[in-house]
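Protein chains in written order, with the numbering used here: chain V, 70 to 332; chain G, 67 to 233. Below you'll find the structure, written out as structure tokens, and then a few comments.
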Amino acid sequence: MAINLEIKYAILSLVILVFGATPIANIARGVFTQISAPFLYGFVSIARATHNEWSFWANLRGIQQNNTVLEDKVAELSEKIVRLSEVTNENNLLRDGLKIKQAVPNLNPVLATVLGFSGGEGFDNGFIVNAGADMGVLVGDIVSYKDIVVGIVLEVISKSSVIEPTTSPNLKIAAKIARTGATGVVSGDFGTQLKITGLLPQDDVVAGDIVATSSLNENIPEGLLLGTIGNVLPNPQAIQKEATVKMLLDLTKLDKLIIWTQP
Amino acid sequence: MDTTLIKIPLLAFVCTIVQFSFLSFFGYFGWHPDLLFVLIFLFSFNAPRESFYLFSFWVGLFVDLLSTGRFGLITLSYEVAGIALFFYLRQFSFGILQKVIGFAALWFILKVAVLKLIGGGEIFLTKSLLDMLISSLFIFPALYISRTFFKNKEFGTKKGIQLKLGG
């Protein structure tokens with residue numbers, strides 16, 4: 070009988086439903102869960118791995134697009150950081166240079182960027198900077214980095230200038246030992262370092278003494294730093310005493326300078 | 067010993083486990099493909115009556131065992147829906163599209179009716195209907211695959227309770 074089969078399965082289902090009302094159903098569920106747990110776990114592990122792989126490939130284009138956007142943002146932010154860093158450096162440079170402004174109020178600072186290096190008679194590490202006559206720069210103007218003397222403007226054209234560094238033997242700057250007030254003349258020595266000459270034999274000069282500009286210079290304010298005493302050259306017979314002066318800066322690494330222009 | 071009586075519950079067990087584990091990971095906005103629904107439809111085409119009822123029964127029972135709620139309710143709903151669908155598909159000579167639509171509608175109505183009337187539980191009608199409609203779409207590729215790759219592959223040995231996977 071065809072109908073019997075349907076009735077048989079319907080009754081079987083109803084029996085299961087009635088069986089579900091007894092506490093044994095929960096036990097059956099518990100046992101079945103225990104049996105199926107390893108299979109479920111196995112399939113879940115496979116599914117998770119497959120899903121992760123699928124998600125990776127499905128999101129690859131999105132990740133690529135995000136990556137491009139992020140790269141653009143990183144480039145933009147890096148550019149901003151570089152600009153901010155440059156502005157900060159310029160601000161620090163100008164702030165530190167205020168000492169000169171206070172000493173000589175009539176001098177005006179002009180910020181200049183080093184464009185390259187130039188040689189000259191007796192020196193080979195002069196600077197070419199991007200400030201020239203258009204900005205009021207004149208030959209003989211003092212050039213500093215913070216409150217450290219870097220050189221003197223040697224040549225001026227409309228848009229740029231050449232600066233003779235303190236390491237040039239041609240440049241002679243009246244200087245004094247800050248600790249004792251002993252005076253001398255600082256000039257370049259072989260184009261790479263400085264030396265101070267004209268010190269009296271009885272002057273108290275020791276290594277590490279700070280050397281600064283004296284009031285005897287025509288265009289250079291007093292008290293600007295030149296360097297520190299390195300070695301005092303021993304020459305008992307000499308009338309005057311000499312000493313090497315250690316530079317406070319590596320001139321080749323400078324990228325911004327201040328030119329102090331006359332009003 | 068008739069191995070079909072072991073193979074059909076085994077197949078139902080594997081399908082239920084896959085549905086509850088593997089396919090849970092491949093949902094889309096809360097919807098998951100209903101493998102059991104698609105398989106019951108496929109078997110309803112060619113399987114002998116008893117094999118089909120046996121498969122529906124075991125699938126319902128395994129779903130019940132892995133679910134919470136009133137035990138036996140899903141078994142009954144699968145069996146009632148299975149019996150009705152078997153008659154619907156065998157008695158009327160519709161085209162495949164009508165069969166699928168009718169199957170999905172009957173399946174939905176009977177399952178909801180049993181769960182609601184006997185179980186009295188809360189049924190999310192819109193979601194259930196949407197699940198059913200989306201799952202119905204999977205019937206077509208499944209039917210194509212079964213007819214292409216499993217043609218005349220019989221699942222079972224005993225005449226009368228064997229499952230033919232493809233027509």
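Backbone N, C-alpha and C fix where the C-beta goes; we use that ideal spot for every residue, glycine too.
Could you tell me which chain V residues have their CB closer than 8 Å to the CB of T141/G, listed as they occur along the chain? S82, I85 and L86
Does any CB atom of chain G fall closer than 7 Å to the CB of G89/V? yes
Residues within the segment 114-143 of chain V neighbouring chain G, beta-carbon criterion of under 7 Å: I115, A116, R117 and H120
Closer than 8 Å by beta-carbon distance: list the chain G residues that pair up with L153/V, in chain order. Neighbours of L153/V on chain G: none; closest Cβ ~45 Å, over 8 Å.
A150/G beta carbon less than 7 Å from that of L176/G: yes
Is there at least one Cβ from chain C nearer than 7 Å to A106/V's Cβ? In summary, chain C is missing from the structure at hand, where the protein chains are V and G.
Helix, strand or coil for I13/V, going by three-state DSSP, please let me know. The requested residue 13/V does not occur in the structure, where chain V is confined to residues 70 to 332.
If you measure between the beta carbons of E311/V and L302/V, is that distance less than 7 Å? yes
Reduced DSSP secondary structure (H/G/I, E/B, other) of K337/V: Residue 337/V is absent from the structure shown; chain V starts at 70 and stops at 332.
Checking contacts by CB at 7 Å: is L162/V closer than that to chain G? no
Hey, would you say G292/V sits closer than 7 Å to K315/V, going by beta carbons? no
Using a Cβ cut-off of 7 Å (strictly closer), state whether G135/G contacts chain V. no
Return the residue from the list W126/V, L184/V, P174/V and F88/V that minimises the CA-CA distance to L127/G. F88/V
Output the boundary residues of the beta strand (DSSP E) element that contains P258/V. The sequence shown places Asp at residue 258/V, not Pro. T252 to D258 is the span of the beta strand (DSSP E), which, as asked, contains D258/V.
Are the beta-carbon atoms of V113/V and S87/G separated by less than 7 Å? yes
Nearest-angstrom Cα separation, counted from N121/V out to A127/V: 10 Å
Interface partners of L109/V on chain G, CB under 9 Å: I83, F86, S87 and L132
First through last residue of the beta strand (DSSP E) which encompasses L302/V: L294 to L302
Could you tell me which residues DSSP pairs with M316/V in its beta bridges? G296/V
Report the three-state DSSP secondary structure of T223/G (helix, strand or coil). Here the model assigns T223/G a pLDDT of 42, short of 50, so the residue's position is not dependable, and the following value carries that caveat. T223/G falls in the coil class under three-state DSSP.
Taking the alpha-carbon positions, what's the V125/G to S110/G distance? 14 Å
Run the CB neighbour count on L102/G, radius 10 Å, all protein chains shown included, and call it buried at 16 or more, exposed below. buried
Quick one: Cα of F186/V to Cα of K228/V, how far? 16 Å
Taking just the CA atoms, how far does Q164/G sit from I72/G? 33 Å
Compare the Cα-Cα distances from P238/V to each of G220/V, T252/V and R248/V and report the closest residue. G220/V
Chain V within 7 Å of F109/G, Cβ atoms only: no
Would you list, in sequence order, the uninterrupted alpha helix (DSSP H) runs of no fewer than 4 residues that lie entirely inside the segment 87-172 of chain G? 101-112, 115-132 and 139-157
Answer yes or no: does any C-beta atom of chain V fall closer than 7 Å to that of K225/G? For K225/G, the pLDDT reaches just 46, beneath the cut-off of 50, and the residue's location in the model is therefore unreliable, although a value from the coordinates is still provided. Not an interface residue.
Please name the residue, chosen from I96/V, L74/V and N288/V, that lies closest to T330/V on a Cα-to-Cα basis. N288/V
Let's test the definition: count the other Cβ atoms within 10 Å of the Cβ of N158/V and tell me whether it reaches 16, buried, or not, exposed. exposed
Would you identify the three-state DSSP class for A276/V, choosing helix, strand or coil? coil
Taking 8 Å as the limit between beta carbons, can you name the residues of its chain near L108/G, skipping five residues before and five after? I205, A208, L209, S212 and L231
CB-CB under 6 Å to F123/G, same chain, minus the five flanking residues each way: which ones, in chain order? E145
For the beta strand (DSSP E) containing I242/V, name the first residue and the last one. K241 to I246
Hey, could you find the ends of the alpha helix (DSSP H) E145/V is sitting in? L129 to D165
Taking only beta carbons into account, state which residues of the segment 150-170 of chain G come closer than 9 Å to chain V, listed in chain order. F152 and F153
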